[in-house]
Every structure is written in structure tokens, then in C-alpha cells.
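In UniProt numbering, the protein residues as written are 1 to 476.
For reference, the structure discussed in these notes is given below.
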């Protein structure tokens, strides 16, 4: 898929095989997947979709029908929207949601769907900010910059910005998910970060509103308070809209929503969200401290299956909360590094062992992509296809995860690829760097060797159409 015409043709074929435009309520996308909200899932021609050149795989879930494309999913998505499909990211689906045939979903699935919709679009910003932190860490380690220099300080607040203003980012994406006015959502959450409020909190002086006390809490880099605030705001906005006369809605609606939601956020929602965040941080510290080697090992081994279900995005708030609270992460991302490199090692072993050129091409490209944190080509195109490489990857990830837990390997930047090697440098010193590098070597080498022993010569069960598709990189 290299031209606009090819993306357009693929978009048309996908729409046709999910039941046509009339069966689609809305569509959104993440790093690799088109996510369709359908009226009737039974109209989908799953086998036809899987056979399309340009489709890596499909993943039906209780809330969405996901078509896995790859790293060029944004180009296909643009062509899907150009075909007249409602863009769910713009909130355009609100009046189009006539999902009479949609299956009922449980509370857990709805929570995961909400977290995915709100957190996934933030990942590029967090990645960019994390890499700035890597540059700063290297700069001080190798004495390129003094931490007192103006250049360092400027880079420092550039790297901090994505984390500090995380509640604002969440407000934007949560407003789309909960279908509230985005500008009002940003203002309400922005109040929690207002310089006057943060200065007041820092002073330690009591704060109150109409005689009701406001807790002196800092909300920079927080996650849960912003999500809870916008969720509650969605009910307030709908309630206000019902009671205001049509002639005054343009003035009364936004005013009343702001006057009700903002004090409520400061007095009740924000502190509750803060306590929830503290509880989450406590659980994370408990798991990392008491059961660290077990939890990292289990999570690393289970990661491929978590990715298959699309549940990996639901883990984002956990590692974000850890970074917000401590500036480090020793569980989720460490496990992801182990799992991703393990997929890469197993795929490269398949490429080395196979004598078939098409299999070599697919497995090599998939292996390199996995090492760079992009696992779906390896997972769907290689390890799942041949089964034994998947077993090798799971075993290798579990062993390296166990080692990481025992050695308390810690990441100081949000990374889940080989680039994590730059994120081990921090307060723990050289010992953490050495342990982190050993963990990564184990993650690659163990699955590689196991696959060489377990996997027989892969048969060429891949068509030329699949070679084109699965040789293309995609991101989780």
C-alpha cells in the first residue's frame, strides 16, 4: 500500500465487507487499528476482510469491530472518512448512534473502551516527552550540558510539559468520548492547574468556596481527577440543557455548566480522584515491592494475549500514574519491553531458519518492528501463525521479566522498545543500567534460541498478497 488510490480502494473494500456504510455508526483509529462502531456485527464478512491485501487481521470486541492495518492506518482512516463514514473522534456520531443491533456490553468493557479512547491519543505526546527526558539524562551523564544551563532548563520544561498538562490533554479526548463541549471541558480541568490555585495550594493556606473547604491538592500530571470531572460534567451538561429555555441556552448552558462543574471538581471530584490515584500508586508499589518478580514475569508472558484483545491500552493509566507519582516505572513498561523484544527475537529466528524468501522477508521485517516496539506484524504474521515461536516468546519474556523483577529494573522514561536502553539511567546508577541491558539481551536471545530448537522449517503458507501486507510495519 503506497499510493492514495490503493488506500482508497482498501477503504472501500473494508466498508463493503463490514456491511456497507449503512451498517457503520462511526469509526475511530489508534496506532494500528481501524475501530468501527457497527449496528449489526452479523453483517461483517470476517473471512473476506482477513483476505484483503492491506489488512493484517481483525479483532472483534464487545464494543468495537477492529480491523488491524498497521502503522499506515491513519492514511486508510482518512479514506474511510472520505467515503462518508462518521468520524467518531470529532463527536459527530452523537446523533448517528442508532445501534439497535449492537450487542450489550458489560461495565468492564465500557471502562476499557473509555480508557482506550481517552488515553491512546496521548501516547505520541508521552513518547516525545519521554525522549526529551532521555536526551537530558544522556546530557548530564556524559557532561554535554550542565543542569544549571539555560539550554538544559528549557529542554527540561519542554520534556515536562506533556506530563504537567496531562489533565488538559485528557480533557480534550475525554470530551469527545463523553460528548461534552470541548472548550468547557478544557476550562474546567484547566482551573485545577491555574497558577493562582497552584500558588495558593503551595502556600499551605486554607482554601474554601462558600464556606466549603477545598483540599490543597496539586493536579499536575494527574489522570483520574480529569477523567472523573469530564464524566460527571457530561451528566451536568445534559441536565442543564433540559431545564434551560431554548431562547437562553446559548448563554445559560455554558455558564451554568461551568459554575456547577468547576466548584464540584475543586471540592469533591478532584480530591476523590486524587485519593483514587494515591490508591492506585499504593497498589503499584505493593506489586512492585512485594511481588515484583512474579508480577513482571506474568505480565511480560501474558502481554501478547493482552495485545490480541486490545487491552494493552487499558494499562496506560497505570504506568502514567506511576510516572506522575514517582517519575519512574518498574512494572508495565518493563514487562512490555521484555514482551516486545521477545517477539522480535522469535521472529528473527524464524527468518534465519526459513529457506523461503517470502517467509524470511516477513519475519525479518516483523522482527525489526517488534524490537522497535511495534509487535503486531510479528504477533499476527509470524509467531501466532507458526505457534512454537509464540511459545518461545512467551517463555523468554517470562524469564527476562522475572529477572527484571528480581533486580528491580526501573525505567525513567516511558519506552517499550529497544530505545528503553536509554531510559535506565537515573537515581539507581550503573547497576540499573547493567540490569536493564541484561534483561533486554535475555528477552531477545532466549526466544531466539528456543525458536531455533522448537520451530521446524516454516512452510510457505503466505500468499503474495499477505507478503505485501505483513511485511509492512505496524504499531501497537
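Each residue gets a CB set at the ideal place from its N, CA and C atoms; glycine is no exception.
CB-CB under 7 Å to residue 88, same chain, minus the five flanking residues each way: which ones, in chain order?
On the chain shown, residue 88 is found 88 positions in, with the first residue counted as 1. Answer for residue 88: 26, 27, 28 and 37, listed in chain order.
According to the neighbour-count rule (16 or more other Cβ atoms, all chains shown, within 10 Å of its Cβ), is residue 355 buried or exposed?
Within the chain shown, the letter at position 355 stands for residue 355. Exposed is the call here.
Taking the C-alpha atoms as reference points, what is the distance between residue 226 and residue 169?
Position 226 of the chain shown, counting from 1, holds the residue named residue 226. Position 169 of the chain shown, counting from 1, holds the residue named residue 169. Here the alpha carbon of residue 226 sits roughly 9 Å from the alpha carbon of residue 169.
Between residue 392 and residue 447, how many whole angstroms is the CB-CB distance? I'm expecting something under 8 Å.
Position 392 of the chain shown, counting from 1, holds the residue named residue 392. Position 447 of the chain shown, counting from 1, holds the residue named residue 447. Contact flag correct, Cβ pair sits at about 5 Å.
Under 8 Å, Cβ to Cβ, is there at least one residue of chain C near residue 189?
No chain C appears in this structure, which consists of one protein chain only.
Does DSSP classify residue 143 as helix, strand or coil?
Sequence index remark: in the chain shown, residue 143 carries index 143 (1-based). Coil at residue 143, not helix or strand.
Between the region 134-146 and the region 331-342, are three or more C-beta pairs nearer than 8 Å?
no
Helix, strand or coil for residue 237, going by three-state DSSP, please let me know.
Sequence index remark: in the chain shown, residue 237 carries index 237 (1-based). Here residue 237 sits in helix by DSSP.
Name the one or two DSSP bridge partners that residue 66 has.
Locating residue 66 in the chain shown gives position 66, where the first residue counts as 1. Bridge partners of residue 66: 35 and 59.
Mind checking whether residue 222 and residue 273 have CB atoms under 8 Å apart?
Walking along the chain shown from the start, residue 222 turns up at place 222. Walking along the chain shown from the start, residue 273 turns up at place 273. In contact: residue 222 and residue 273 (Cβ atoms closer than 8 Å).
DSSP on residue 411, reduced to helix/strand/coil?
The residue given as residue 411 occupies position 411 in the chain shown. Strand at residue 411.
Name the DSSP bridge partner or partners of residue 209?
For this step, residue 209 is matched to residue 209 along the chain shown. According to DSSP, residue 209 bridges with 212.
What first and last residue would you give for the beta strand (DSSP E) that runs through residue 28?
Here residue 28 corresponds to residue number 28 of the chain shown, with the count starting at 1. First-last of the beta strand (DSSP E) with residue 28: 24-29.
Name the residue from 135, 267 and 333 whose alpha carbon lies nearest to the alpha carbon of residue 210.
Start at 1 with the first residue of the chain shown, and residue 210 comes out as number 210. When each option's Cα is compared against that of residue 210, the closest is 267.
Closest to residue 264 by C-alpha separation, out of 243, 235, 252 and 250, would be which residue?
Against the chain shown, residue 264 aligns to sequence position 264. Nearest option by C-alpha distance: 235.
Near residue 192, what residues of its chain come up, given a Cβ to Cβ distance below 7 Å and the 5 sequence neighbours on each side ignored?
What you label residue 192 is simply residue 192 of the chain shown in a count that begins at 1. For residue 192, where only same-chain residues beyond five positions count, the Cβ hits under 7 Å are 167, 219, 225, 265 and 270.
What are the boundary residues of the alpha helix (DSSP H) that residue 348 is part of?
For the purposes of this step, residue 348 is taken as residue 348 along the chain shown, with counting starting at 1. 332-353 is the span of the alpha helix (DSSP H), which, as asked, contains residue 348.
Ordered along the chain, which non-local residues of its own chain (more than five positions away) have a Cβ less than 7 Å from that of residue 435?
Walking along the chain shown from the start, residue 435 turns up at place 435. 407 and 409, listed in sequence order.
Let me know if residue 404 comes out buried or exposed under the rule of 16 or more other beta-carbons within 10 Å of its beta-carbon.
Sequence index remark: in the chain shown, residue 404 carries index 404 (1-based). Looking at its Cβ environment, which holds 16 or more other Cβ atoms inside 10 Å, residue 404 is buried.
Measuring CA to CA, which of 151, 293 and 59 is closest to residue 44?
Stepping through the chain shown from its first residue, residue 44 is reached at position 44. It is 59.
Count the CB pairs spanning the region 412-421 and the region 380-399 that are closer than 8 Å, and state whether there are at least three.
no
Between the C-alpha atoms of residue 39 and residue 357, what's the straight-line distance to the nearest angstrom?
Sequence index remark: in the chain shown, residue 39 carries index 39 (1-based). Sequence index remark: in the chain shown, residue 357 carries index 357 (1-based). Rounded to the nearest angstrom, the two C-alpha atoms are 42 Å apart.
Considering Cα atoms alone, identify which of 254, 250, 66 and 56 is closest to residue 34.
The count along the chain shown starts at 1 and reaches residue 34 at position 34. With distances taken between Cα atoms, residue 34 lies closest to 66.
How many Å lie between residue 378 and residue 32 at the Cα?
On the chain shown, position 378 is the one that residue 378 refers to. On the chain shown, position 32 is the one that residue 32 refers to. So the two alpha carbons sit approximately 13 Å from each other.
Measure the Cβ-Cβ separation of residue 80 and residue 70 and say whether it is below 8 Å.
The residue labelled residue 80 in the question sits at position 80 within the chain shown. The residue labelled residue 70 in the question sits at position 70 within the chain shown. Contact flag unset, no.
Kindly indicate which three-state DSSP category residue 101 falls into: helix, strand or coil?
The residue given as residue 101 occupies position 101 in the chain shown. For residue 101, the predicted model reports a pLDDT of 43, less than 50, meaning its position is unreliable; a value from the coordinates is still stated below. In this structure, residue 101 counts as coil in the three-state DSSP scheme.
Which of the three DSSP states is assigned to residue 87 in this structure?
As a position in the chain shown, residue 87 is number 87, starting the count at 1. In this structure, residue 87 counts as strand in the three-state DSSP scheme.
With a Cβ-Cβ cutoff of 8 Å, do residue 350 and residue 382 count as a contact?
Along the chain shown, read from residue 1 onward, the residue named residue 350 stands at position 350. Along the chain shown, read from residue 1 onward, the residue named residue 382 stands at position 382. Yes, the Cβ-Cβ distance between residue 350 and residue 382 is below 8 Å.
For residue 329, which of helix, strand or coil comes out of DSSP?
Numbered from 1 along the chain shown, position 329 holds the residue referred to as residue 329. Note: residue 329 maps to strand in three-state DSSP.
Go ahead and label residue 148 buried or exposed: buried means 16 or more other beta carbons lie within 10 angstroms of its beta carbon, across all protein chains shown.
For this step, residue 148 is matched to residue 148 along the chain shown. Taking all protein chains shown into account, residue 148 has fewer than 16 neighbouring C-beta atoms within 10 Å of its C-beta and is therefore exposed.
For the pair the region 157-164 and the region 116-134, tell me if three or more CB-CB distances fall below 8 Å.
yes
Apart from the five residues on each side of it in sequence, which residues of its chain come closer than 7 Å, Cβ to Cβ, to residue 375?
On the chain shown, position 375 is the one that residue 375 refers to. Around residue 375: 307, 340, 343 and 476.
With a cut-off of 8 Å, do at least 3 Cβ pairs link the region 10-26 to the region 45-55?
yes
Residue 233 and residue 180 - do their beta-carbons sit closer together than 8 Å?
Against the chain shown, residue 180 aligns to sequence position 180. Against the chain shown, residue 233 aligns to sequence position 233. Yes.
Between 254, 73 and 61, which has its C-alpha nearest residue 14's C-alpha?
As a working mapping, residue 14 is identified with position 14 in the chain shown. Of the candidates 254, 73 and 61, the one whose C-alpha sits nearest the C-alpha of residue 14 is 73.
For residue 367, count the other beta carbons within 10 Å of its own beta carbon; 16 or more makes it buried, fewer makes it exposed. Which is it?
Counted from its first residue, the chain shown places residue 367 at position 367. Residue 367 comes out buried.
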